[in-house]
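Peer 1: In this text, residue positions in the sequence shown follow numbering that gives the first Met the number 0: the first is 0, and each later residue adds one.
Just so it is clear, CB atoms sit at the ideal spot from N, CA and C, and this is done for glycine as well.
Since this is a predicted model, take the numbers as computed values, not measurements.
What follows is a single structure, and I will ask about it in a moment.
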Amino acid sequence: MSQSNVWTHKGTFILAAVGSAVGLGNLWRFPYMIGENGGGAFILVYALTVLFVGIPILMAETLIGRSGRKSPILAMTELTKSHNTSPAWQVIGWMGALAALLILSFYSVIAGWSVHFGLVEFSGRLSGADAASIGAVFSGLLDNPLLLMLYHTIFMLASAVIVGLGIHKGLEKGLRILMPLLFVMLLMILAYGVVFGEIGQAASYLFSFKLSELSLQGWLAAMGQAFFSLSLGLGAIMAYGAYMPSRESISRSAITIAIADTGVAIIAGLAIFSLVFAAGQETAAGPGLMFVTLPIAFADIPFGSLFGGLFFILVFVAALSSSISLIEPVAAYLVERFSLSRMQAVGAMAFVAWLLGILTVLSFNLWAESSVFHALFGKSAFDSIDFLASNILLPLGGVLIALFAGWALTREEVQRELGTNPTWYSLWQISVRYVAPVAVLYIFIRGIGLVSGDIWPLIIALGFMLSFVGGRSLWLKNS
Ligand code: PFF
């Protein structure tokens, strides 16, 4: 790879990866999942997952990206050849591309809602409005497929333009504007929450826990959320890692990214819940937390329209810095493989995701109650796509990435990338070889209800691990 495909500035990798990680997952999904899954108990499990599973896999992904120096699909193709492993590992790249497409399709629709709410908040229409009429703004939006399509289109175009302009003029330049903006707005919202909200109540809600409140589903949800929030398992971080200068430390970057991502989620949670409590609202509103409960709170509190509008710009910016990382891995592949121009490649990816997004748009109106998805999976198209991508493809992608990095790459290679401290190396290796795969598989098998009970999923996860290690000559040597 020529030098032109390496980030120009030191620290751009961290900026880009944090941009990818911080998004709707932190501002929208994390707070409502806390509300649905027992407050602090959810945060505890979440934090443990980030520490023991998230960070090691984040490092593994960056490592593979930087040693491959290509788009995830081609990097995996080359690594399987150069390491003489089974070609089956290439599924990592393909599954990742599919997950990116699926996530981008609904991500763009939901990010689009923030455009609507930003406009409505700034118009001052909601100031002093009652809960029913604010609820009607949200349901009115969801009931209107054309309006949803309009916002979905605006968001997709904005993302495509940034990626289309290229690694330096588009991504790097865009991120250097978006990210500082994001942090300034986040701090303003937090300050607003501290001044006008019930920050103490929010903190005790977030940081006190009863483990009994955490269900089996809660564990799966926390894991799915950790993968989603850290942008793991689909190659986004791998694609950015491919542009990372060789001298930058992967382990330090991974820890910084995880801390920043979790920190933003917690700050967002604090700010949102302190306003929600101040307005005497419920915490367990589900996905409507940000689009109904929070606007109700803004309607009640001084300068609500102004800060409400600001909050939704924050959501838009955070979502934009994430969606570009969903386009990049697939677009980079299309450029490398088919020699398309960058604009053509980005256009193709964005267009297919835009089309798929129609399924999500319809999930909130014409297909809200019944559709083929309800008949097949018992949930709407949006919920099915989200479940398939976040709870199945990302964790499975993560397990495969961990196993590949842990077993297929050589010690010298890994130490060249990660540094030579033997203790850190061993810790990382134990995580990606055993801890992360078994933990993810266990929760995954339990959570999707493949078998029932507590013991069987563990036996299956351990059985997989044993047969993987026992049969590794099959997977690691392609003779
Ligand atoms: N991490 C993003 C968020 O929390 O909103 C979502 C995301 C972006 C997931 C990029 C996966 C990805 F590759």
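Within the same chain, show all residues whose beta-carbon is closer than 7 Å to that of Phe315, passing over the 5 residues directly before and after it, in chain order.
Peer 2: So the list reads Ala110, Ser113, Val114, Gly117, once near-sequence residues are dropped.
Peer 1: Taking all protein chains shown into account, do 16 or more other C-beta atoms lie within 10 angstroms of the C-beta of Gly18, making it buried, or fewer, making it exposed?
Peer 2: It counts as buried.
Peer 1: In angstroms, rounded to a whole number, what distance separates the CA positions of Leu473 and Leu78?
Peer 2: Between Leu473 and Leu78, the C-alpha separation is close to 16 Å.
Peer 1: Tell me which residue opens and which closes the alpha helix (DSSP H) that Leu181 is part of.
Peer 2: 172 to 195 is the span of the alpha helix (DSSP H), which, as asked, contains Leu181.
Peer 1: In the DSSP assignment, find the alpha helix (DSSP H) that holds Gln428 and state where it starts and stops.
Peer 2: Note, Gln428: alpha helix (DSSP H), 421 to 429.
Peer 1: Gly22: beta carbon under 7 Å from a heavy atom of ligand 1?
Peer 2: At least one heavy atom of ligand 1 is nearer than 7 Å to the Cβ of Gly22, so yes.
Peer 1: Which residue spans inside the stretch 21 to 72 form an unbroken alpha helix (DSSP H) run of at least 4?
Peer 2: If we require 4 residues or more, the alpha helix (DSSP H) runs fully inside the stretch 21 to 72 come out as 29 to 35, 39 to 48, 54 to 67.
Peer 1: Could you pull out every residue in the same chain whose Cβ sits closer than 8 Å to the Cβ of Gln216, ignoring the five residues on either side in sequence?
Peer 2: Only Asn36, Gly446 meet the Cβ criterion.
Peer 1: So, helix, strand or coil for Met243, using DSSP?
Peer 2: Coil.
Peer 1: With distances taken Cα to Cα, identify the nearest neighbour of Gly397 among Ser425, Pro55, Val44, Leu23.
Peer 2: The residue with the shortest Cα to Cα distance from Gly397 is Pro55.
Peer 1: With a threshold of 7 Å, establish whether the CB of Phe321 neighbours any heavy atom of ligand 1.
Peer 2: Per the sequence presented here, residue 321 reads as Ser, with Phe not at that position. Ser321 Cβ: within cutoff of ligand 1.
Peer 1: Any heavy atom of ligand 1 within a distance shorter than 7 Å of the CB on Ile458?
Peer 2: Not so, every heavy atom of ligand 1 lies at least 7 Å from the Cβ.
Peer 1: Let me know the secondary structure DSSP gives Phe290 once reduced to three states.
Peer 2: Coil.
Peer 1: Would you grab the beta carbon distance between Pro144 and Val360 for me? Rounded to a whole angstrom, and I think it's under 8 Å.
Peer 2: 5 Å between Cβ atoms; contact.
Peer 1: By the three-class DSSP mapping on this structure, what secondary structure does Glu281 have?
Peer 2: If DSSP states are grouped into helix, strand and coil, Glu281 belongs with coil.
Peer 1: Hey, quick one: how far does the alpha helix (DSSP H) through Val5 stretch, first residue to last?
Peer 2: That residue, Val5, is in no alpha helix (DSSP H); it is neither H nor E in DSSP.
Peer 1: Reducing DSSP to helix, strand and coil, say where Ile458 ends up.
Peer 2: If DSSP states are grouped into helix, strand and coil, Ile458 belongs with the helices.
Peer 1: Given that a residue counts as buried once 16 or more other Cβ atoms are within 10 Å of its Cβ, and exposed if not, what is Met0?
Peer 2: Bear in mind that the predicted position of Met0 carries a pLDDT of just 43, short of 50, making it unreliable; the figure below should be weighed with that in mind. With fewer than 16 Cβ atoms within 10 Å of its Cβ, Met0 is classed as exposed.
Peer 1: Could you pull out every residue in the same chain whose Cβ sits closer than 7 Å to the Cβ of Gly34, ignoring the five residues on either side in sequence?
Peer 2: Counting only Cβ-Cβ distances below 7 Å, and skipping sequence neighbours, we find Thr282, Ala283, Ala284, Leu288.
Peer 1: Check Gly304 in the structure and name its three-state DSSP category.
Peer 2: For clarity, residue 304 is Ser in the given sequence; the question names Gly instead. Three-state DSSP puts Ser304 in a helix.
Peer 1: Just how far apart, CA to CA, sit Thr255 and Pro86?
Peer 2: Those two C-alpha atoms are separated by around 33 Å.
Peer 1: Hey, is Ser126 close to ligand 1, as in C-beta under 7 Å from one of its heavy atoms?
Peer 2: No - ligand 1 has no heavy atom lying nearer than 7 Å to the Cβ of Ser126.
Peer 1: Quick one: Cα of Ser304 to Cα of Gly22, how far?
Peer 2: Taking the straight line from one Cα to the other gives about 22 Å.
Peer 1: Which whole-angstrom value is the C-beta distance of Leu125 and Pro294, which I expect to be below 8 Å?
Peer 2: Right, their Cβ atoms sit about 6 Å apart.
Peer 1: Measure the alpha-carbon distance for Ile166 versus Trp6 and round it to whole angstroms.
Peer 2: The alpha-carbon atoms of Ile166 and Trp6 are separated by roughly 8 Å.
Peer 1: Thinking C-beta only, is Ser369 closer than 8 Å to Phe376?
Peer 2: No; because the gap between Cβ atoms is not below 8 Å, this pair is not in contact.
Peer 1: To the nearest angstrom, how far is the alpha carbon of Met464 from that of Leu387?
Peer 2: The straight-line gap from Cα to Cα measures roughly 23 Å.
Peer 1: Whole angstroms is fine: what's the gap from Val119's alpha carbon to Lys209's?
Peer 2: Distance between the alpha carbons of Val119 and Lys209: 38 Å.
Peer 1: Please report the residue range of the alpha helix (DSSP H) in which Glu212 lies.
Peer 2: Taken as a continuous stretch (DSSP letters only), Glu212 belongs to no alpha helix (DSSP H), as it is neither H nor E.
Peer 1: Gly405 and Ser228 - do their beta-carbons sit closer together than 8 Å?
Peer 2: Contact: no.
Peer 1: Cβ of Phe29 within 8 Å of Cβ of Ala267?
Peer 2: Yes; because the gap between Cβ atoms is below 8 Å, this pair is in contact.
Peer 1: At what residues does the alpha helix (DSSP H) containing Ala407 begin and finish?
Peer 2: Unbroken run through Ala407: none, as it is neither H nor E.
Peer 1: Just to check, is the beta-carbon of Asn25 closer than 7 Å to a non-hydrogen atom of ligand 1?
Peer 2: Yes, since a heavy atom of ligand 1 falls inside the 7 Å radius drawn around the Cβ of Asn25.
Peer 1: Closer than 6 Å by C-beta to Thr76: which residues in its own chain qualify, once you throw out the five before and the five after it? Chain order, please.
Peer 2: Cβ within range, chain order: Gln89.
Peer 1: Do the stretch 144 to 157 and the stretch 260 to 279 meet, that is, are 3 or more Cβ pairs less than 8 Å apart?
Peer 2: Contact between the stretch 144 to 157 and the stretch 260 to 279 is absent, because fewer than three Cβ pairs lie under 8 Å.
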